[in-house]
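So the protein lines, in turn, are chains A and B. For the first sequence, the positions run 32 to 145 when the numbering used here is used. For the second sequence, the positions run 12 to 129 when the numbering used here is used. Glycine residues also receive a C-beta, built at the ideal position from the N, C-alpha and C atoms. None of these values were measured; they are calculated from a predicted model. Just below is one structure, and these are the notes that go with it.
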Amino acid sequence: EADIYQTPRYLVIGTGKKITLECSQTMGHDKMYWYQQDPGMELHLIHYSYGVNSTEKGDLSSESTVSRIRTEHFPLTLESARPSHTSQYLCASSEGHWTADTQYFGPGTRLTVL
Amino acid sequence: AQSVAQPEDQVNVAEGNPLTVKCTYSVSGNPYLFWYVQYPNRGLQFLLKYITGDNLVKGSYGFEAEFNKSQTSFHLKKPSALVSDSALYFCAVRDPLSVGAGSYQLTFGKGTKLSVIP
Numbered sequence: 032e033a034d035i036y037q038t039p040r041y042l043v044i045g046t047g048k049k050i051t052l053e054c055s056q057t058m059g060h061d062k063m064y065w066y067q068q069d070p071g072m073e074l075h076l077i078h079y080s081y082g083v084n085s086t087e088k089g090d091l092s093s094e095s096t097v098s099r100i101r102t103e104h105f106p107l108t109l110e111s112a113r114p115s116h117t118s119q120y121l122c123a124s125s126e127g128h129w130t131a132d133t134q135y136f137g138p139g140t141r142l143t144v145l
Numbered sequence: 012a013q014s015v016a017q018p019e020d021q022v023n024v025a026e027g028n029p030l031t032v033k034c035t036y037s038v039s040g041n042p043y044l045f046w047y048v049q050y051p052n053r054g055l056q057f058l059l060k061y062i063t064g065d066n067l068v069k070g071s072y073g074f075e076a077e078f079n080k081s082q083t084s085f086h087l088k089k090p091s092a093l094v095s096d097s098a099l100y101f102c103a104v105r106d107p108l109s110v111g112a113g114s115y116q117l118t119f120g121k122g123t124k125l126s127v128i129p
């Protein structure tokens, strides 16, 4: 198992609430990623970071935002949650020295917005 | 653009029988290919990857995959299936010819649910 952590594992909240999903890794990896996965379905990249103070949007449009102030930490924030945000969110990291690097995933956060 | 197809939503196999989970890809150049497994309510676990060299790649838990350039395939195989292999399997591709910000992105297939029947 890779040393990448996500909290909370499960979150049920009401519409309009602000939430932050935490992701941290202890491997010193430069690159980090957020994927969205609907139940039993493929993953879609929503955000990635190549290092501190670097963030980019992925292929799937998302209303969430991310920050990368420290190498080990890559939180995702939803300012006003809606039922359409209900999904599983997976964080990943890779060394980033070359494009054949393996991405290692955290356990995921399953978000339900009522 | 890079893409991955997993033609089977579900594969059923009897315990002890060989298993195959299929994957085909499309990239501009020579691909980097990955297999991941996902157990219920868990993240993805890395199984193996193909970068270059020997077309047969061996990975974790007795899995292996064969890269076939002419058929643009990267099928996952195991000689003898275990009930504990039952999970969701994802194939992913990265195009090393991508430049800039896209060069590290993985494109995943839709996943194949493997059920191993006792």
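Contact check for G54 (chain B) and G137 (chain A): beta-carbon distance about 5 Å, within the 8 Å limit, so the pair qualifies.
Look at the stretch 56–77 of chain A: the residues with a C-beta under 9 Å from a C-beta of chain B are K62, Y64, Y66, Q68, G71, M72, E73, L74, H75 and L76. When secondary structure is reduced to three states using DSSP, H116 (chain A) falls in the helix class.
Counting other Cβ atoms within 10 Å of its Cβ, I100 (chain A) stays below 16 and is therefore classed as exposed.
Within the same chain, and ignoring the five residues on either side of R113 (chain A) in sequence, the residues whose Cβ sits closer than 7 Å to its Cβ are T46 and V144.
The residue among B:N66, B:L125 and B:P107 with its C-alpha nearest the C-alpha of S95 (chain B) is B:L125.
If you draw a straight line from the Cα of K88 (chain B) to the Cα of H104 (chain A), it comes to about 36 Å. Rounded to whole angstroms, the separation of the alpha carbons of K80 (chain B) and F57 (chain B) is 22 Å. Rounded to the nearest angstrom, the Cβ distance from C34 (chain B) to V15 (chain B) is 6 Å, consistent with a contact under 8 Å. One finds nothing in chain A with a Cβ atom closer than 8 Å to the Cβ of L67 (chain B); even the nearest lies about 18 Å away. Taking the Cα positions, T31 (chain B) is about 14 Å away from G70 (chain B). Under the DSSP assignment, Y41 (chain A) falls in the beta strand (DSSP E) whose first and last residues are Y41 to I44.
Shown here, Y50 (chain B) sits in coil according to DSSP, grouped into three states, outside any helix or strand.
Beta-bridge analysis with DSSP links Y79 (chain A) to A:Y64 and A:E87. In its chain, beyond the 5 residues on either side, L99 and F101 have a beta carbon closer than 6 Å to the beta carbon of G122 (chain B).
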